[in-house]
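K.L.:
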Amino acid sequence: MSKAVVVFSGGQDSTTCLVQALTQYDEVHAITFDYGQRHRQEIEVAKALAAQLGVKSHKVLDVTMLNELAISALTRDDIPVSNELMDNGLPNTFVPGRNILFLTLAGIYAYQLGAKAVITGVCETDFSGYPDCRDAFIKAMQSALEQGMDRQLSLVTPLMWLNKAQTWALADKYQQLDLVKDNTLTCYNGKIGTGCGTCPACLLRQKGLDDYLDNKTAVMAELEEKVDL
Numbered sequence: 000m001s002k003a004v005v006v007f008s009g010g011q012d013s014t015t016c017l018v019q020a021l022t023q024y025d026e027v028h029a030i031t032f033d034y035g036q037r038h039r040q041e042i043e044v045a046k047a048l049a050a051q052l053g054v055k056s057h058k059v060l061d062v063t064m065l066n067e068l069a070i071s072a073l074t075r076d077d078i079p080v081s082n083e084l085m086d087n088g089l090p091n092t093f094v095p096g097r098n099i100l101f102l103t104l105a106g107i108y109a110y111q112l113g114a115k116a117v118i119t120g121v122c123e124t125d126f127s128g129y130p131d132c133r134d135a136f137i138k139a140m141q142s143a144l145e146q147g148m149d150r151q152l153s154l155v156t157p158l159m160w161l162n163k164a165q166t167w168a169l170a171d172k173y174q175q176l177d178l179v180k181d182n183t184l185t186c187y188n189g190k191i192g193t194g195c196g197t198c199p200a201c202l203l204r205q206k207g208l209d210d211y212l213d214n215k216t217a218v219m220a221e222l223e224e225k226v227d228l
């Protein structure tokens, strides 16, 4: 029996990954992290979506200690989300170490379940500039997990080389475009669906949706060249 663990925030990307995983694995588990994030409504959104989609189990882990260590607009209410880059060239929504911690814990969970795949919605093609969303990081993290636990484990990144329009197309391919559009939470200001319309996450999401809806046939064709559906 094939098993997978999906790192699941309840946002567009992770929900699309979850939708796909449910068609590819016999047993799918989801794991969500409470790190004291600004948009913590995503935890309840993730719970609702996991139940609606019928995942085998959904674990929510308290990792709020990350909030104490990682200073970011997503971990401090007194730091406004900005569309401008910081002096180091990164967005102020970057949470240092977040994906290192999340993938480590998801790998441990997969070990206990006997799952050989951890799925994450990180993307290098059309992303917010986070270094822990890059393919090189994922490959290094997979190697560390396999060596540290002495067990084969794949970190699967279905969206790594897709742009946001193609990610929308992927959701549509599985007949879940409306579910992702209306019921996920990507917005840094905690607004479900179309969001606030002004934060970086909302702007990227909406541009991708507009691009897809304006060029459905072409974007779907591009997707099918990249993804084995």
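Here the sequence shown stands for residues 0 to 228, where the numbers follow numbering that gives the first Met the number 0. Cβ atoms here follow ideal geometry from the backbone N, Cα and C, with glycine treated the same way. Just so it is clear, the structure is predicted and the values come from calculations on it, not from any experiment.
According to DSSP, simplified to helix, strand and coil, what is glutamate 41?
P.N.:
Reduced to three states, the DSSP call for glutamate 41 is helix.
K.L.:
Report all residues from its chain with a CB closer than 8 angstroms to the CB of histidine 57; omit the five preceding and five following residues, and keep chain order.
P.N.:
For histidine 57, where only same-chain residues beyond five positions count, the Cβ hits under 8 angstroms are Phe7, His28, Ala29, Ile30, Thr31, Ala45, Lys46, Ala49, Ala50.
K.L.:
Which value, in whole angstroms, describes the spacing of the CA atoms of lysine 55 and lysine 2?
P.N.:
Roughly 10 angstroms separates the two Cα atoms.
K.L.:
Excluding the 5 residues preceding and the 5 following glutamate 221 in the sequence, name in chain order all residues of the same chain whose CB lies nearer than 7 angstroms to its CB.
P.N.:
So the list reads Gln165, once near-sequence residues are dropped.
K.L.:
What would DSSP say about lysine 172, mapped onto helix, strand or coil?
P.N.:
Residue state, collapsed to three classes: helix.
K.L.:
Find the nearest neighbour of valine 4 within the set Leu178, Arg39, Thr103, judged by alpha-carbon distance.
P.N.:
Checked all of Leu178, Arg39, Thr103; the closest Cα to valine 4 is Thr103.
K.L.:
On the DSSP bridge assignment, give the partners of phenylalanine 32 in chain order.
P.N.:
Answer is Leu60.
K.L.:
Have a look at the DSSP bridge pairing and note the partners of leucine 154.
P.N.:
Leucine 154 pairs with Val117.
K.L.:
Taking the alpha helix (DSSP H) that lysine 206 belongs to, which residues open and close that run?
P.N.:
Counting along the chain, the alpha helix (DSSP H) containing lysine 206 begins and ends at 199-213.
K.L.:
Helix, strand or coil for valine 226? Go by DSSP, reduced to three states.
P.N.:
In the structure shown, valine 226 sits in coil (DSSP, three-state: anything other than H, G, I, E or B).
K.L.:
Please identify the residue among Asp209, Gly189, Asp25 whose C-alpha is closest to the C-alpha of lysine 163.
P.N.:
Among Asp209, Gly189, Asp25, the Cα nearest to that of lysine 163 belongs to Asp209.
K.L.:
What number of angstroms, rounded off, separates the C-alpha of leucine 178 from the C-alpha of tyrosine 129?
P.N.:
If I take the Cα positions, the gap works out to 26 angstroms.
K.L.:
Use the C-beta contact count for alanine 109: other C-beta atoms within 10 angstroms, 16 or more gives buried, fewer gives exposed.
P.N.:
Classification of alanine 109: buried, given that the 10 Å Cβ count is 16 or more.
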